[in-house]
Amino acid sequence: MAKQTLQWTDQYVEELIGNLLRVGVTLAAAVVLFGGIVYLFRHGRAAPQYHVFMGEPTDLRSVSGIVKDALAFRGRGLIQLGLLVLIATPVARVAFSVAAFAMQRDRLYVVVALIVLAVLMCSLTGARA
Amino acid sequence: MNNIEFTLLVWVSALLAGFVGSLTGLGGGIIITPVLTLALGVDIRYAIGATLVSVIATSSGAAAAYVREGFSNIRIGMFLEIATTVGAVMGALLAARISTGAISIIFGLVLLYSAYASSRPRHERVGDCQPDPLATRLKMNGSYPTPDGPKGYCPQAVPTGFSLMFGAGILSGLLGIGSGAVKVIAMDQAMGLPFKVSTTTSNFMIGVTAAASAGVYLSRGYIDPGLAAPVMLGVVVGSLVGARVLTRAKTRWLRLVFGLVIGIMAVEMIYHGLTGRL
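Going down the list, the sequences are from chains D and L. The first sequence runs contiguously to residue 141 in this note's numbering. The second sequence runs contiguously to residue 336 in this note's numbering.
Listed below in structure tokens is the structure:
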């Protein structure tokens, strides 16, 4: 038991969080870069239209739509998938913190981390205004 | 101009913005939005969506390095993230309700303030501190490494810091920036945290704050992959290079020049917002 609590020191948790963030960002950047190359390879000659705001098509606005586009190997879908990985990285960090605080038997901060996680989840799944 | 040329141009601009943002301590996000809107004519909503994602990348990348050094206080960060994430969601919802002109003006004002705040010298509090009862109950007291061994600190005025963080969250969600300048006022000045602790903890929180508003922006269709890809990849590389240079070069005159350029951009954002050209 003593071994268990010793392992989950703040320093050890910080080390793990550092690695988690690094892996998330690297993975996201790799997917975005790959998707960007696919996109430019196919649509590189078209004219960019960013001066007028039209909003993205619905398939690029939801997780399920993005995964479908990415699986169909569409450049914009792949980039958006990489961006989802990026957005998920801090969310994973908070989820991991819930577990880490639980291992440290720090109930107060388990609750704090859960509140933050709940707000993130609401934003990612619920906001369809 | 076709997509390849446009993408390269955006990538190079984002690279420079990331570099300058890391040298000045403002962050790449707050610099790339004016560049995209003023120089490249991108609609401010697309610019904000793309910037928001790049903010998550730079913050998480830098935080990965900082947490290991033991400067950031994970408990303070996590507690204040309640305020920043709720604020960020509200800010993102607000962004859809107010005009792009108003967003541009607020953006310019925040940029001006941030440039001013980052150029001011910061004074470290010295001497022993009296632990605050609320901060103690929230287990926020900590220590950080210094050349003379670990040094303790005890945060004060938790409710004030928490309220300021809520404001920082709203600005972050509204403008797609990290709003590091406001976070630093909250932790540095209100809560009395040491310089290094507040900067690194703020940076640690920025990713989570931005992720909270990113969900809203994504479902609204503000995040365009074709634009976000070069912005994110450029800002990340630029800030990595900037962080390297920062440790070696004499940056005083560089910061002065960049500060001036940023001031001009801020005024132009306000002007464009007022004249309705954005």
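No residue lacks a Cβ here, since even glycine has one placed at the ideal position from N, Cα and C. All values reported here derive from a predicted model rather than from experimental measurement.
For Ser76 of chain D, not one C-beta of chain L is nearer than 8 Å to its own C-beta. Annotation: the region 35–118 of chain D contains no complete segment of the beta strand (DSSP E) (minimum length 3 residues). Here Met263 of chain L has Gly135, Leu138, Glu139, Thr142, Lys241 as same chain residues with Cβ atoms under 7 Å from its own Cβ, once five neighbours each way along the sequence are excluded.
If you ignore the 5 residues before and after Gln188 of chain L, its C-beta comes within less than 8 Å of the C-beta of Cys212, all in its own chain and listed in chain order. A straight-line Cα-Cα distance of about 10 Å links Val113 of chain L and Gly107 of chain L.
When 9 Å is used as the limit between beta carbons, Gln19 of chain D is near no residue of chain L, the shortest such separation being about 17 Å. Secondary structure note for Tyr202 of chain L: it is in no alpha helix (DSSP H), and the uninterrupted beta strand (DSSP E) holding it is 200–202. Neighbours of Phe165 of chain L across chain D, judged by C-beta separation under 9 Å, do not exist; the nearest C-beta is about 16 Å away.
By the Cβ neighbour-count rule, Ala42 of chain D is exposed, with fewer than 16 other Cβ atoms within 10 Å of its own. In this structure, the alpha-carbon of Arg54 of chain D lies about 18 Å from that of Gly94 of chain D. When beta bridges are read from the DSSP output, Lys209 of chain L appears opposite L:Tyr202. Boundaries of the alpha helix (DSSP H) harbouring Gly238 of chain L: 238–242, taken from the DSSP string.
Rounded to the nearest whole angstrom, the C-alpha separation of Asn31 of chain D and Pro203 of chain L is 21 Å. Residue burial is scored here from C-beta neighbours: Phe85 of chain D has fewer than 16 other C-beta atoms within 10 angstroms and is therefore classed as exposed.
Burial state of Ala59 of chain D is exposed, judged by a 10 Å Cβ sphere holding fewer than 16 other Cβ atoms.
Sorting L:Asn61, L:Val70, L:Glu63 by C-alpha distance to the C-alpha of Val293 of chain L places L:Val70 at the top.
Here DSSP, grouped into helix, strand and coil, assigns Thr21 of chain D to coil.
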